[in-house]
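Notes for the one structure printed next.
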Amino acid sequence: MLTTIILSIILMISIFIMIWSAVALIQQKKFFSTAPKDIQDTIIERKERFRDARLLGYVIALICMIAFIGSFIYGAYDGIVHHYTLMMFFIRFIIMLYLYKAFDIIFLDWFLLTKSHFYQHYFPETKDCEGFHQFGFNRKEQIREIIIYPFIALLFALICSLI
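In the numbering used here, the protein residues as written are 5 to 167.
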């Protein structure tokens with residue numbers, strides 16, 4: 005169980021650092037496709053903050069993606085080594101996915117978007133956007149993910165238990 009919690013924390017840290025690198029270093033409009041529409045429309049393209057800032061941002065984002073995917077791979081490997089059953093794999097992956105989703109909703113969507121002024125710091129032109137006050141703007145997408153996660157966890161569990 006401790007390994008599952010640690011892997012879930014790695015997921016959370018990875019996604020946060022990936023978002024930070026996109027917002028603070030890469031600063032390209034295409035990375036805001038999941039933001040509220042008025043924020044997407046208000047953001048302007050920026051020059052690099054410093055020489056090779058985008059390159060650094062992409063390298064950091066790549067490392068975070070590897071850590072994100074790697075946490076699932078390590079979770080599978082650890083379960084195989086410890087002879088997990090299908091149900092044990094399923095429980096591990098569903099815990100990881102739902103803890104990640106809780107972090108996404110509570111920290112990324114509620115705190116980071118609506119309370120912290122994180123995005124406005126890097127994109128001051130968005131400070132008056134109404135989207136920063138629309139917690140739940142992506143409710144349908146979040147519900148869809150919450151519904152599909154058990155199937156993803158089961159698929160991962162089936163693959164791992166067959167190895």
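Each residue gets a CB set at the ideal place from its N, CA and C atoms; glycine is no exception.
Worksheet item: Quick check: the stretch 42-52 against the stretch 123-133, are there 3 or more CB pairs under 8 Å?
Response: The answer is yes - the stretch 123-133 touches the stretch 42-52, with three or more Cβ pairs under 8 Å.
Discussion item. Going by DSSP in three states, Glu-145 sits in which element: helix, strand or coil?
Written reply: helix
Discussion item. For Ile-84 and Ser-165, what's the separation of their Cα atoms in angstroms?
Written reply: 7 Å
Worksheet item: Mapping DSSP to helix, strand and coil, what is Cys-133?
Response: Annotated three-state conformation of Cys-133 is coil, per DSSP.
Discussion item. For a test of the three-state rule: what should DSSP assign to Ala-39, helix, strand or coil?
Written reply: Looking at Ala-39 - three-state DSSP - the assignment turns out to be coil, as it is neither helix nor strand.
Worksheet item: Counting along the chain, where does the alpha helix (DSSP H) carrying Lys-105 start and finish?
Response: Element bounds for Lys-105: 90-107.
Discussion item. With distance defined between alpha-carbon atoms, name the residue in Pro-154, Phe-76, Leu-29 nearest to Tyr-62.
Written reply: Leu-29
Worksheet item: Would you call the stretch 65-73 and the stretch 16-23 in contact, with 3 or more CB pairs under 8 Å?
Response: yes
Discussion item. Can you look up Lys-51 in the DSSP assignment and give me helix, strand or coil?
Written reply: When DSSP states are grouped into helix, strand and coil, Lys-51 belongs to the coil group.
Worksheet entry | N- and C-terminal bounds of the alpha helix (DSSP H) containing Gln-124 | 122-126
Practice prompt. Report the three-state DSSP secondary structure of Ile-167 (helix, strand or coil).
Written response: coil
Worksheet item: Taking Cβ positions, are Ile-64 and Ser-37 nearer each other than 8 Å?
Response: no
Worksheet item: Can the beta-carbon of Ile-14 be found closer than 8 Å to that of Ser-75?
Response: yes
Fill in: Candidates Phe-139, Ile-167, Phe-97, of which the one nearest Ile-152 by Cα
Here the closest residue by C-alpha is Phe-97.
Worksheet item: Are the beta-carbon atoms of Gln-32 and Glu-52 separated by less than 8 Å?
Response: no
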